[in-house]
Every structure is written in structure tokens, then in C-alpha cells.
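**Q** Before we start, here is the structure in question, set down as C-alpha cells.
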């Protein structure tokens with residue numbers, strides 16, 4: 003085994019040491035690690051130190067007295083029933099919550115309808131629509147006025163003048179055409 | 007045998023029998039109190055956290071999934087209660103912590119044998135560990151849980167738990183080596 007492989011095995015051991023202690027490794031890796039600590043002094047020391055820390059560090063702590071413990075149990079069981087939030091009680095509570103939600107939503111809906119009906123304030127959406135329609139209406143009206151004025155001007159004397167002009171032009175054309183006649 | 011007894015007691019607790027609840031918790035009383043005491047550092051907080059744990063266990067016994075180990079479920083609740091206490095403790099500077107030197111097991115280290123001295127040294131170092139490292143360590147030592155179970159109790163990935171333990175043991179080793187020089 004070269005130096006690199008040995009270093010690799012040591013880091014693998016260090017990484018898995020707690021799973022090794024718990025025997026929570028594959029058989030293959032466990033045997034590999036077992037073999038490694040039998041050969042590697044550093045890892046063997048690490049293993050024995052870790053085991054010593056894990057199993058040798060349990061200190062004597064003050065125990066809770068029987069009276070205190072019984073009182074705690076009594077407090078816990080007196081304060082509530084087991085599964086207070088589960089079973090029938092929980093179902094009933096869920097139902098209650100649902101009905102309260104339903105009632106609240108209904109009240110809210112009726113209140114909003116009533117307020118909108120009684121309110122004197124104009125609907126901003128409606129107001130904008132009306133302004134837009136007014137603007138469009140004015141624009142169309144102006145256009146119609148322009149067309150009407152044009153038609154009126156055509157119906158007046160200007161129209162006759164224009165017609166006379168056209169008539170003269172046609173006569174002139176006819177005369178010019180006669181000049182080039184072969185007859 | 008113990009498993010059958012435990013299941014029987016759980017069944018009775020679910021039917022609302024407070025005596026069975028007492029017997030059930032008695033099976034883990036020492037482990038549970040030891041874990042809370044060492045994690046929270048004083049008897050007052052340990053007792054309050056234990057009371058809170060018992061209330062939650064009694065209330066939630068019907069929710070307990072029997073496929074899960076009862077001890078893991080119990081310690082998960084205890085872990086959450088302890089975390090709540092530690093959060094409160096952070097903001098409560100008035101609470102005086104008991105001096106580790108005055109705790110039982112710390113008494114007169116000069117007269118203790120070498121093993122006892124080591125225990126004291128480790129216990130003192132454990133007191134100085136960051137909460138998560140301390141928790142993993144104590145769940146292992148006081149709760150006798152495997153690292154897989156600790157990961158389940160803490161709701162953390164196994165690798166995180168192993169990493170916390172690694173750091174904790176490294177610190178303890180360093181301290182032990184330094185002290186023995």
C-alpha cells in the first residue's frame with residue numbers, strides 16, 4: 003500500500019468512524035475499516051479515543067424525584083385529553099371553522115353589494131368609459147360638420163363656377179380635336 | 007417484551023388512561039431528563055422543558071405513528087421543546103446558569119479517579135460546544151440513539167449530524183489532550 007492509499011483509507015475511516023461504531027455500514031466497508039484500524043496506529047488511537055469519549059462521558063446527573071415526576075404526568079394529563087386535536091373533537095372543530103368561514107364570506111359579499119348600491123360615488127371605470135365615448139362622439143361630430151360644409155360649398159355658386167370651368171375645358175378640347183380630324 | 011409492554015401502554019394512553027401514560031414515560035424518564043438537563047444546563051429549565059414535552063406527548067399520542075420508534079418520537083418532541091427554551095434563553099439574560107463545577111458529578115475532581123476526571127473534563131467541554139454539536143452529542147450519550155435516529159429526531163441530514171459529531175469529538179479530544187499535557 004502506497005502513501006496515498008494509506009492517507010485515503012485514513013480519511014475514509016475518519017469520515018465513517020461514527021457509522022463504524024454504530025455498525026451502520028455495508029459489510030464490505032466495515033471489514034475494510036476493521037482491517038485498517040488493526041494496521042494504522044493513528045486511526046486505532048482515534049477509534050479508542052472516540053469510543054472512550056462516547057461511552058465514558060456519561061456523568062451522574064440529578065434524577066427527578068418521583069413526586070415531581072408524578073406531578074408532571076398529572077399536569078400533562080389533567081390539562082387536556084389525549085389527541086385533543088384529533089378524532090371527533092378535531093373533526094367538529096374543522097366543521098365549525100368551515101361554517102364560520104362560509105358565514106364570513108357571505109356577510110362580506112352582501113356588505114360589498116350593499117355598499118356599492120348605496121354609494122353616491124361614481125364608478126371610476128364607468129367614468130373613464132363615458133369620457134372616452136364623449137371624446138369619440140365629439141371627434142365624429144367635427145368630422146361630420148367638415149363633410150357637411152364641403153357638400154354645402156359644392157351646392158352653392160362655387161359648384162356652378164366649377165361646372166362652367168369644366169364645360170369650357172371640354173369645349174376647348176373638342177375644338178382642338180377637330181383640328182386633327184381627318185374628315 | 008419491553009416493546010410489547012410499550013405498545014400496550016401506548017394503546018391505553020390513546021384511550022385516555024393517565025396511569026399508563028405515567029408508566030410509559032417512566033421507561034424513558036432518566037434518559038429524557040438527562041438529555042434535557044445537560045442540554046439546557048439547569049434543573050429549572052430541564053423540568054419546565056420536560057413538563058412541556060409531557061403535555062405535548064399526551065396531546066399528540068393519537069398522532070403517533072407506530073411504525074416509528076416511540077423513543078425517537080418522544081425525543082423529537084423533547085428536542086423541539088428544548089430548542090424553544092434555548093431560543094427564550096438567548097433573550098433572557100437574567101436567568102442564571104448553574105456553574106458546571108457545582109453540578110453533581112463535577113464535585114471535587116482532585117479526589118476522583120482518572121476516569122472520573124476524564125468524565126468531568128468531557129462534560130465541561132460539552133458545555134462549551136455550539137448548540138447543534140451539543141445536541142447531537144447528548145442525544146447519543148444520554149438518549150443512546152444511533153446517528154440515523156438522531157438525524158430523524160433533529161430533522162437534519164445524516165451527514166450534517168455526523169459532521170456535528172465529528173467537530174464535537176475533535177474539540178473534546180483536543181481539550182483532553184491539552185489537559186493531560
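Chains as they are written, first to last, in the working numbering: chain A, 3 to 185; chain B, 7 to 187.
A virtual CB, placed ideally from N, CA and C, is assigned to each residue, including glycine.
No experiment lies behind these values; they were computed from the predicted model shown.
1) Using a Cβ-Cβ cut-off of 8 Å (strictly less than) and excluding sequence neighbours within five positions of residue 110(B), which residues of its own chain qualify?
2) I want to see whether chain B comes within less than 9 Å of residue 16(A), judged by CB atoms only; does it?
3) Can you tell me the Cβ-Cβ gap for residue 159(B) and residue 85(B), rounded? I've got them flagged as a contact below 8 Å.
4) Rounded to whole angstroms, what is the Cα-Cα separation between residue 43(B) and residue 60(B)?
5) Look at the Cβ atom of residue 21(A), then the Cβ atom of residue 151(B), and state whether they are nearer than 9 Å.
6) Chain A beta carbons: is any one of them nearer than 9 Å to that of residue 188(B)?
7) Output the boundary residues of the alpha helix (DSSP H) element that contains residue 49(B).
8) Please list, in chain order, the residues of the stretch 27-47 of chain B that have any C-beta partner in chain A closer than 7 Å.
9) Between the stretch 167-180 of chain B and the stretch 127-145 of chain B, do at least 3 Cβ pairs fall closer than 8 Å?
10) Rounding to the nearest angstrom, what Cα-Cα distance links residue 100(B) and residue 94(B) in this structure?
11) Cβ of residue 12(A) within 9 Å of Cβ of residue 42(A)?
12) Given 8 Å as the limit, is there contact between the stretch 126-140 of chain B and the stretch 14-22 of chain B, that is, 3 or more CB pairs closer than that?
13) Count the other CB atoms within 10 Å of the CB of residue 144(A); is the residue buried (16 or more) or exposed (fewer)?
14) Is there a Cβ of chain A sitting closer than 9 Å to that of residue 60(B), yes or no?
15) Since residue 179(B) meets chain A, which of its residues come closer than 9 Å, beta carbon to beta carbon?
16) Below 8 Å on C-beta distance, what does residue 65(A) contact in chain B?
17) Taking the alpha-carbon positions, what's the residue 177(A) to residue 149(A) distance?
18) Name the chain A residues that come within less than 9 Å of residue 124(B), Cβ to Cβ?
19) Could you tell me whether the stretch 40-54 of chain B touches the stretch 55-65 of chain A, where touching means 3 or more Cβ pairs closer than 8 Å?
20) Alpha carbon to alpha carbon, what distance is there between residue 35(B) and residue 13(B)?
21) Could you say if the stretch 71-81 of chain A and the stretch 45-54 of chain A meet the contact criterion of at least three C-beta pairs nearer than 8 Å?
22) Please report the distance separating the alpha-carbon of residue 151(A) from that of residue 139(A).
23) Distance check for residue 106(A) and residue 79(B), CA to CA, integer angstroms please.
24) Let's see if you can read the secondary structure: which residues bound the alpha helix (DSSP H) around residue 51(A)?
25) Measure from the alpha carbon of residue 27(B) to the alpha carbon of each residue in 65(A), 66(A), 71(A), 67(A), then state which is nearest.
26) Could you work out which residue in 81(B), 87(B), 183(B), 91(B) is closest to residue 157(B) when comparing CA atoms only?
27) Suppose you measure from the CA of residue 23(A) to the CA of residue 68(A); what does that come to, to the nearest Å?
28) In the DSSP assignment, the alpha helix (DSSP H) including residue 172(B) goes from what residue to what residue?
29) So is residue 37(B) buried or exposed if we call it buried at 16+ other beta carbons inside 10 Å?
30) What does residue 69(A) reach in chain B if we use C-beta pairs closer than 8 Å?
31) Which of the three DSSP states is assigned to residue 24(B) in this structure?
32) Residues in its own chain within less than 7 Å of residue 177(B) by CB, not counting five upstream and five downstream?
33) Against chain A, does residue 57(B) count as a neighbour if the rule is that its beta carbon must be under 9 Å from one of theirs?
34) Looking at the C-beta of residue 72(A), does it have a partner C-beta in chain C at a distance below 9 Å?
35) Label residue 116(B) either buried or exposed according to how many other C-beta atoms from any shown protein chain fall within 10 Å of its C-beta, with 16 as the threshold for buried.
36) Flag residue 32(A) as yes if its beta-carbon sits less than 9 Å from any beta-carbon of chain B, otherwise no.
**A** Quick look at the numbers:
1) Low confidence applies to residue 110(B): its pLDDT is 48, below 50, so where it sits in the model is not reliable, and the reading given next is rough at best. No residues qualify anywhere along the chain.
2) yes
3) 5 Å
4) 15 Å
5) no
6) As displayed, chain B neither begins before 7 nor continues past 187, which places residue 188(B) out of reach and without an answer.
7) 49-66
8) For the stretch 27-47 of chain B, the set of residues with a beta-carbon nearer than 7 Å to any beta-carbon of chain A comprises 27, 28, 31, 35, 36, 39, 40, 43, 44, in chain order.
9) Flag = yes, the stretch 167-180 of chain B and the stretch 127-145 of chain B touch.
10) Low per-residue confidence applies at residue 100(B): pLDDT is 45, beneath 50, and the placement is therefore not dependable, though the value from the model is reported in the following sentence. Their backbone Cα atoms lie some 11 Å apart in a straight line.
11) yes
12) no
13) An exposed status is given to residue 144(A), since fewer than 16 other beta-carbon atoms sit within 10 Å of its beta-carbon.
14) yes
15) The contacting residues are 48, 51, 52, 55.
16) Under the 8 Å cutoff, chain B gives 36, 39.
17) 37 Å
18) By Cβ distance, chain A contributes 54, 55, 58, 59.
19) yes
20) 17 Å
21) no
22) Looking at the two C-alpha atoms, the distance is approximately 18 Å.
23) 39 Å
24) 43-58
25) 71(A)
26) 81(B)
27) 35 Å
28) 164-185
29) buried
30) Using a Cβ-Cβ cut-off of 8 Å, residue 69(A) is close to nothing in chain B; its nearest Cβ partner there is about 12 Å away.
31) helix
32) 131, 135
33) yes
34) As a matter of chain content, chain C is missing from the structure shown, whose protein chains are A and B.
35) At residue 116(B) the pLDDT is 45, less than 50, meaning the model places this residue with poor confidence; the figure from the coordinates comes in the next sentence. Residue 116(B) counts as exposed, since fewer than 16 other C-beta atoms from the protein chains shown sit within 10 angstroms of its C-beta.
36) no
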